[in-house]
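*Asks:*
Protein chains in written order, with my numbering: chain A, 4 to 322; chain B, 4 to 322; chain C, 4 to 322; chain D, 4 to 322; chain E, 4 to 322; chain F, 4 to 322.
#1: Using only the alpha-carbon positions, how far apart do residue 114(B) and residue 57(F) sit?
#2: For the segment 310-320 of chain C against the segment 266-282 of chain C, are there 3 or more C-beta pairs whose distance is under 8 Å?
#3: Give me the Cα-Cα distance between residue 84(D) and residue 297(F), rounded to the nearest whole angstrom.
#4: Does any residue of chain A bring its CB to less than 8 Å from the CB of residue 22(F)?
#5: DSSP on residue 100(F), reduced to helix/strand/coil?
#6: Is the separation between the beta-carbon of residue 291(A) and that of residue 251(C) shorter than 8 Å?
#7: Can you name the start and end residues of the alpha helix (DSSP H) that residue 297(B) belongs to?
#8: With DSSP run on the structure shown, which of helix, strand or coil describes residue 165(A)?
#9: If you follow the alpha helix (DSSP H) that residue 223(F) is part of, which residue opens it and which one closes it?
#10: Residues in the same chain with beta-carbon distance under 6 Å from residue 310(D), minus the five sequence neighbours each way, listed in chain order, please.
#11: Quick check on the burial criterion: 16 or more other C-beta atoms within 10 angstroms. Buried or exposed for residue 123(B)?
#12: If we cut at 8 Å on Cβ distances, does residue 55(E) have a partner in chain F?
#13: 8 Å is my cut-off, CB to CB: does residue 62(C) come that close to chain D?
#14: How long is the line joining the alpha carbons of residue 110(A) and residue 92(E), rounded to whole angstroms?
#15: Kindly identify the DSSP beta-bridge partner or partners of residue 30(C).
#16: Indicate the three-state DSSP secondary structure (helix, strand or coil) for residue 195(D) in the structure shown.
#17: List the DSSP bridge partners of residue 242(F).
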């Protein structure tokens with residue numbers, strides 16, 4: 004078992020130097036084998052309001068240059084526990100959602116056959132559907148832990164069944180989701196009607212809303228979430244708009260009253276005992292970001308997700 | 004009793020399309036009768052520091068396109084409970100405060116005779132004085148619940164008795180305010196002198212400061228506020244600078260250490276049992292905003308205020 | 004013949020006040036008959052790079068508040084010569100280009116039957132195709148005067164035949180364009196291959212490039228353009244990226260080395276003797292704009308186009 | 004005759020260091036005698052559209068840190084030819100135009116008695132009226148060379164006779180302007196009516212419009228301007244919006260199609276044989292600026308004006 | 004004992020007017036004696052990522068114009084308790100760290116001999132080393148209370164022993180720090196290795212991390228900090244990146260998950276019984292700030308520090 | 004002779020997708036041999052005013068995604084004529100100018116031995132010195148064509164002999180420059196003293212200033228430049244601040260009154276008959292850029308330089 008190849012050495016090459024890969028990690032082409040792949044899916048044709056998440060992957064890469072190798076909050080050195088790589092971007096047709104979704108499923112399935120786990124950087128939330136399809140092929144139905152301001156279980160919009168507002172309804176209908184173990188966290192803001200909540204429950208989700216977090220605190224939220232997901236294989240899908248616009252202005256459908264990045268990171272770190280089989284971080288829309296505030300939050304979120312996965316891989320290997 | 008006309012249907016017309024009215028609601032000219040009017044007062048000649056709130060109403064309108072019809076946090080569909088409309092903007096003289104204040108009072112009185120309740124979008128805080136004059140004509144002296152970083156009970160500034168720093172002193176002097184039931188929330192930052200606090204108390208206000216909220220929490224603050232206002236007719240005046248600059252950079256006199264938008268929304272929702280007879284949201288200064296962060300916070304605040312009012316109107320009608 | 008209803012009176016209502024319509028003109032619903040309609044088409048699903056032009060119409064409306072009624076550069080009062088209105092926005096499906104293009108053609112045809120001439124605000128350049136289809140139904144094949152950094156005569160992109168890079172190839176193939184009288188102005192930047200220019204010529208366009216303008220001057224460019232279009236019915240299609248990024252940062256595919264807004268306005272004013280039957284201004288992407296620089300340039304361009312049309316209508320009526 | 008005290012030495016104190024004065028020059032309090040004063044008037048209550056010019060003086064000071072002592076374009080070392088100082092800001096009432104205008108006149112008259120010549124940094128264009136009153140007391144009626152997108156000879160606005168749109172009408176009526184020698188340069192954009200131009204000519208101005216410059220070139224414009232002003236004492240008033248929004252986004256009433264900063268600087272340098280008795284640079288509104296683009300243009304304009312004055316003072320002294 | 008000279012009177016001179024000094028206080032040259040000096044050190048050659056803190060002092064000055072004389076949160080009028088002044092900026096060589104550090108030590112020692120206490124505005128964190136050297140000459144080894152996202156106890160970077168990542172290692176090695184009483188607050192984000200924490204403890208610091216604050220609350224953090232520092236002379240060093248990027252985007256090495264400005268202000272106010280002998284606020288990088296959000300947070304932090312010092316000076320004098 | 008490997012195919016992978024290399028070209032590691040290398044040098048420790056050019060290379064890469072393979076203005080397909088690659092970034096010590104300059108010379112010499120020609124993206128102008136040293140080793144003394152607002156022939160600054168203001172003085176002193184054939188283009192703005200011009204001439208430069216261009220036009224400027232450089236091996240060094248701040252806000256020492264990007268591109272294209280042996284584009288400071296306006300201008304400039312070189316290489320090979 005060789006040592007993983009880590010990021011470019013910052014004592015030799017300054018952090019702002021070099022072609023941008025996530026956390027300055029090697030590209031997948033540059034290592035013999037990889038355990039965890041960070042991959043971008045620059046697709047935003049499923050967006051209903053402010054577009055631009057197609058530039059999300061490159062923005063998160065540029066915003067990840069400061070990430071260092073040891074994660075003290077989890078007490079893990081993720082890039083030493085596992086070979087983590089940047090797998091580049093999936094090419095997805097910007098003019099045809101169906102075609103793009105099919106291509107993403109193929110690419111994710113293919114990548115999933117080469118690495119143990121994937122963290123995807125979007126792109127808009129449409130991509131969660133093909134990602135779930137790919138992950139379920141490998142792991143069976145998963146508990147979905149979904150951080151978002153919105154439910155994303157709407158039905159259709161302008162006749163389109165697959166957009167950034169519908170991935171979890173489609174996933175539920177397709178049997179991709181464990182209906183007893185999935186959960187939204189951080190939802191808030193107005194809905195179309197009360198029926199949205201009825202439908203959502205029927206589709207398999209319970210809700211820890213932003214109002215719940217405000218009123219009962221993060222610790223209670225963590226406990227509820229952990230009970231809900233139990234020991235199922237866990238897929239974590241994070242729409243960056245779960246954060247308050249103060250923490251994530253660079254997104255497409257911002258809603259006031261969200262989580263802080265500190266709260267979100269805390270919740271993620273509390274999942275170290277759960278079996279995280281895949282994850283995505285979506286809806287980073289750089290044209291609306293400022294000083295990489297959103298990009299940095301997203302890159303830290305990806306880093307915590309990678310740490311969760313790497314710790315489990317490392318533990319399995321007895322590192 | 005006909006059904007209220009709601010917002011433009013987002014399944015037909017995308018949210019970013021169409022001439023901007025608040026929440027894509029009908030204009031007052033386009034409905035036979037209205038219960039609640041959202042009206043803009045683009046006036047900022049009373050500003051002592053960063054001007055620009057004259058562009059507040061159009062910015063809040065553009066930032067309100069994502070608001071949907073059902074408010075789950077209050078479990079109310081406000082636009083179904085009452086006919087809510089956009090009443091456009093009041094024309095106010097930018098070169099003469101006295102003239103503008105008189106015109107605003109006339110316009111608010113007139114509008115108040117056509118609708119049940121008004122939520123005003125400023126403009127600077129100067130406008131609270133004529134708004135209070137108009138509301139008091141209809142309801143008698145009111146409890147004022149005033150969210151702000153500042154007291155706004157100063158006396159004069161450069162000899163001007165009516166500016167954005169003085170509305171509540173003038174209102175108190177004119178007998179518009181119930182001196183036993185009014186309250187500032189979220190005040191912080193330096194004052195001119197300790198006498199400011201003495202005067203303020205004499206003028207009829209108690210204070211739940213930002214320091215109080217930080218130290219004792221929102222729940223305690225809500226309890227204090229609710230006790231203070233009791234069952235009086237309530238006017239809510241919200242200077243968006245009550246929010247921390249992280250949550251509301253787009254304002255004229257920002258002070259560090261403020262409330263989060265989540266806290267503010269929570270406090271407003273806690274007022275559902277009080278009789279809200281009028282409200283304003285002021286000091287949104289778009290030139291200093293970024294990615295509509297401030298505009299979205301303000302539009303959500305307006306939405307909560309409208310919901311409070313609509314629920315009461317709907318309840319009265321037995322909807 | 005009644006007097007046209009002009010913009011909201013700025014001596015009564017300040018320019019920053021009121022719900023935004025183009026140039027503060029009446030909405031089409033608010034006048035009995037209209038001659039010229041400014042209409043928005045907030046559609047950008049045909050964009051290949053930076054999206055966001057879906058917010059173009061509302062941005063141009065907000066950026067047009069300073070426009071006054073008399074155009075000294077053409078010595079015309081356009082809103083007195085003809086009834087000019089804001090016809091709102093066309094609803095176009097953001098998830099299906101084909102569906103959207105069909106709906107735009109229907110809407111433009113319908114609007115074209117109600118008014119004499121239309122100036123459309125995009126939206127991305129995809130919309131020029133259905134707009135041309137509609138205008139040709141009324142006027143027969145037109146000379147197209149196309150201001151753009153790009154040729155927009157590419158064939159397909161990701162298999163899509165109708166995107167913002169292809170409208171004029173499709174239009175040429177459909178016989179919408181007078182192949183002897185059409186012209187690109189301001190093209191620059193790299194192409195895919197030399198064949199692009201060969202194809203373009205075959206499709207019916209001559210070129211006055213940005214290099215031509217730099218080397219030979221605007222006056223020579225105007226002369227060439229006027230000779231080319233001759234006395235055919237003229238459709239003017241202006242991609243705002245014809246301007247240098249200094250003058251129009253808020254666009255999707257910016258190229259260095261473009262025209263100044265002063266040059267563009269001059270060229271437009273030089274067309275007063277030509278028969279302008281329709282026009283569009285596209286690719287304003289507000290998320291990339293600053294201080295409305297692009298929005299103001301676009302709104303001035305629309306104003307000159309409206310002036311050209313209004314003068315001809317007024318002259319025909321003997322005003 | 005002692006040597007003037009120049010700017011802080013940049014080889015000792017970096018340009019970004021130190022409390023900001025214009026060009027890092029001494030404050031008026033720090034020298035025994037001064038020849039030329041740069042003074043700020045942070046007043047913008049006369050603005051009809053985007054406010055914020057009250058922050059103009061501090062922005063221009065911060066944007067002037069790069070100015071060095073030798074002006075090669077005029078071959079003059081202005082700070083060696085004359086004692087140039089920063090005279091700080093005039094305090095003007097933000098709530099009462101009349102009061103402010105009176106105070107500005109007093110302050111300018113007082114400062115004018117202490118120094119030979121003044122260059123004022125606004126503030127909005129309202130301030131030109133009291134500045135002209137002060138300069139005329141000293142020099143008699145002056146030729147006004149007025150660079151602006153607008154005529155600024157309107158009559159009243161919302162009943163206010165003195166705003167940023169009216170200074171030159173009032174000045175003409177008061178006999179402050181030599182009616183045979185005054186001139187607007189760079190005007191463009193729509194007007195209220197053709198009568199505006201008739202009134203303007205009657206009030207004593209000829210016009211070299213932006214269209215004239217585009218069509219006939221700067222050299223012809225310079226020749227016309229120089230003939231017009233002849234040998235009268237010359238007051239130069241520069242609204243920064245004479246520049247195109249690309250060159251000066253940070254202003255209140257931007258109009259497309261303006262001058263470049265290179266053209267403006269050239270025209271100013273061409274005035275070295277004229278007797279410049281005073282000058283102002285107004286309407287810099289920093290909240291709309293980016294990367295100090297507008298501030299740097301304004302500070303270079305002030306520098307050229309100071310150079311013109313200093314060269315004449317130095318020549319008179321036989322330096 | 005004469006009364007201290009306070010800030011420029013805002014009822015005479017508007018807050019946006021006048022050459023910018025911190026809180027509009029007098030310059031050190033303009034008072035006979037001073038107790039507390041706010042001084043800028045515009046130096047950023049020690050930065051490893053985003054530079055620009057050299058513009059920090061001027062930005063904080065401009066952002067401090069709203070500070071008023073009475074601090075209600077501490078119930079102290081700092082500018083009445085002590086003579087507080089703006090001591091301008093220290094000139095530091097931008098091209099030679101060693102030379103700059105030496106010059107800063109000389110300047111701080113010299114200033115320290117003229118005033119009782121100093122609050123420094125950076126500049127990058129490199130400057131803490133010479134500042135500590137100067138303060139220790141006067142007071143002996145100090146407890147360092149260090150607010151930062153980072154430990155700043157790294158060893159070398161590119162062979163440079165003194166950069167913005169190393170001041171507290173060097174200070175510890177030089178014996179400037181009381182090893183039993185120093186503390187980091189707010190650290191978070193990835194490190195190079197676990198050894199960083201081992202080294203840090205050996206160098207004399209305990210840690211109240213951002214995770215600690217999130218999990219246990221501010222009150223517990225305050226208690227821990229106060230126990231740690233005890234009654235030693237206290238030096239407070241605040242890297243503005245201790246705040247979350249939402250609260251302080253304008254900094255050089257931002258990390259997600261930080262403190263709110265409200266929390267930081269609360270912690271500072273809790274130190275009123277400790278003997279604060281010096282303080283710095285560093286790493287404000289204005290090019291990344293928006294609407295002065297970071298600058299305002301920093302200026303409020305400086306204000307609280309000055310208040311702590313002034314109260315102690317005032318108390319000692321029996322005011 | 005195999006066909007060069009060109010950019011990633013945009014008909015398969017959208018332009019916004021994929022890890023950013025210049026123009027989406029292959030990395031030097033990914034091709035067997037390369038003719039022309041685009042290399043970044045993210046170094047800005049030599050900056051005297053606004054820093055940040057260390058982020059220039061990554062910004063130019065991100066801004067170059069729209070570049071297509073055929074350059075119609077030169078009628079050349081540069082990536083077909085020669086193998087062009089992205090050689091990544093040179094690691095340069097941010098804390099020690101001397102060390103960095105030595106490392107850059109080594110890296111440039113080494114890269115120069117692997118490829119025929121290099122275009123460097125800075126970084127600040129300091130890097131021109133080691134780049135010239137490397138190029139002169141290969142080609143002997145070169146004619147330097149230097150586009151810049153500044154002379155960059157100053158002597159020392161704060162005792163430092165090698166900064167971004169001195170490269171061409173040092174180069175001249177070291178005999179790297181052909182004193183009869185070098186030229187500045189676009190200089191403007193104030194200098195320290197007239198002696199600067201005397202020194203500059205002695206050091207071997209003639210000047211085509213921005214004033215010259217404004218007064219005599221680009222064509223005359225091109226003729227002068229071409230006469231001056233004659234048939235010497237030519238090194239082109241372009242400080243992006245040669246452009247007006249309207250065209251290049253994202254730079255460190257902006258001066259009003261500069262060139263347009265259209266003029267600069269025209270001048271470069273006019274050099275196709277000269278023997279361009281190396282080139283750099285420096286001083287892009289992204290924190291001050293907006294919407295990639297500066298980055299796009301810089302990437303187009305690099306593209307024209309690469310085209311000049313590729314055409315000559317292709318011609319030599321008889322392609």
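Glycine included, every Cβ here is placed at the ideal spot set by N, Cα and C.
*Replies:* Once the coordinates are examined:
#1: Looking at the two C-alpha atoms, the distance is approximately 58 Å.
#2: The segment 310-320 of chain C is in contact with the segment 266-282 of chain C.
#3: Their backbone Cα atoms lie some 37 Å apart in a straight line.
#4: True, the Cβ-Cβ gap to chain A drops below 8 Å.
#5: Residue 100(F) sits in a helix when the DSSP states are folded into three classes.
#6: It is not a contact, given that the beta carbons lie outside the stated cut-off.
#7: Start and end: 296-320.
#8: Residue state, collapsed to three classes: coil.
#9: 221-232 is the extent of the alpha helix (DSSP H) around residue 223(F).
#10: Once the five neighbours on either side are set aside, the close Cβ partners of residue 310(D) are 74, 77, 79, 81.
#11: Counting the other CB atoms within 10 Å of its CB gives residue 123(B) a total of 16 or more, which places it among the buried residues.
#12: Yes, contact with chain F.
#13: No, residue 62(C) lies away from the interface with chain D (no Cβ there is under 8 Å from its Cβ).
#14: Residue 110(A) and residue 92(E): Cα-Cα distance of roughly 57 Å.
#15: Paired residues: 89(C).
#16: Residue 195(D): coil per DSSP, three-state reduction.
#17: The partner list for residue 242(F) (beta bridge, DSSP) reads 285(F).
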